[in-house]
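Numbering (this note's numbering), first residue to last: 95 to 249.
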Ligand code: HEM
């Protein structure tokens, strides 16, 4: 039986993230669910920010007033991350840059849990009847690894 491992997970403790073997099944599920989310990208972003600001009104002031450009940037970043799932080195560069910028926006490590849970909840909302809890869990894992790389780069 093949070993199933998350695409961004380390196979051995201490192994560099860039040498991780990728799991084709997880990647395929992340990619096909993202394709469905992407068809409703503006709705995904709208739900995400609405839920985020409802849960943590204090973070609203960190974001620009007009969220349209912000929403497009979020979609573009997720597009690139999903396109590069087999190529973690390309993603690690992007995530390091994003992490450094986020430190400048005032994003703290303790904000990431809420942001990640809110992104997963927004995916669940736009997927509706097509939402699959296993795939949403895989997204949660992927976003945690994304967040970890951003936090590490922003320190
Ligand atoms: C998985 C984690 C996250 C992802 C994928 C993500 C993605 C993005 C992207 C793509 C942008 C566009 C600007 C850029 O790339 O620098 C952005 C902006 C922003 N993010 Fe995040 N983010 C994440 C976590 C967070 C967290 C934890 C916070 C803390 C509240 C946060 C706060 C912000 C703010 C305030 C901006 C807007 C900055 C501005 O335009 O002035 N983000 N985010």
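Backbone N, C-alpha and C define an ideal beta-carbon position, used for all residues, glycine too.
7 Å Cβ shell around residue i - same chain, five flanking residues per side excluded
i, result
"residue 185", "175 and 178"
"residue 124", "176, 179, 232, 233 and 236"
"residue 196", "244 and 248"
"residue 118", "none"
Extent of the continuous alpha helix (DSSP H) run through residue i
i, result
"residue 207", "206-221"
"residue 136", "135-149"
"residue 182", "182-199"
"residue 230", "227-248"
"residue 170", "161-177"
"residue 119", "118-132"
Close beta carbons around residue i, own chain, < 6 Å, minus the five adjacent residues each side
i, result
"residue 190", "247"
"residue 154", "147"
"residue 141", "216 and 219"
"residue 138", "131, 216 and 220"
"residue 143", "161"
"residue 135", "169"
Ligand 1 heavy atom lying under 7 Å from the CB of residue i
i, result
"residue 153", "yes"
"residue 157", "yes"
"residue 192", "yes"
"residue 225", "no"
"residue 241", "yes"
"residue 214", "no"
"residue 217", "no"
"residue 128", "no"
"residue 167", "yes"
"residue 196", "yes"
"residue 176", "no"
"residue 244", "yes"
"residue 199", "yes"
"residue 161", "no"
"residue 143", "no"
"residue 149", "no"
"residue 171", "yes"
Residue i at chain C interface by Cβ criterion, 8 Å
i, result
"residue 167", "Judged by its chain identifiers, the structure shown contains no chain C, having just a single protein chain."
8 Å Cβ shell around residue i - same chain, five flanking residues per side excluded
i, result
"residue 211", "234"
"residue 149", "208 and 212"
"residue 109", "In this predicted model, residue 109 has a pLDDT of only 47, less than 50, meaning its place in the structure is not dependable; the value taken from the coordinates is given anyway. The answer is none, since no qualifying residue turns up."
"residue 112", "Confidence is the limiting factor: at residue 112 the pLDDT is only 48, short of 50, which leaves the residue's position unreliable and the question unanswerable from this model."
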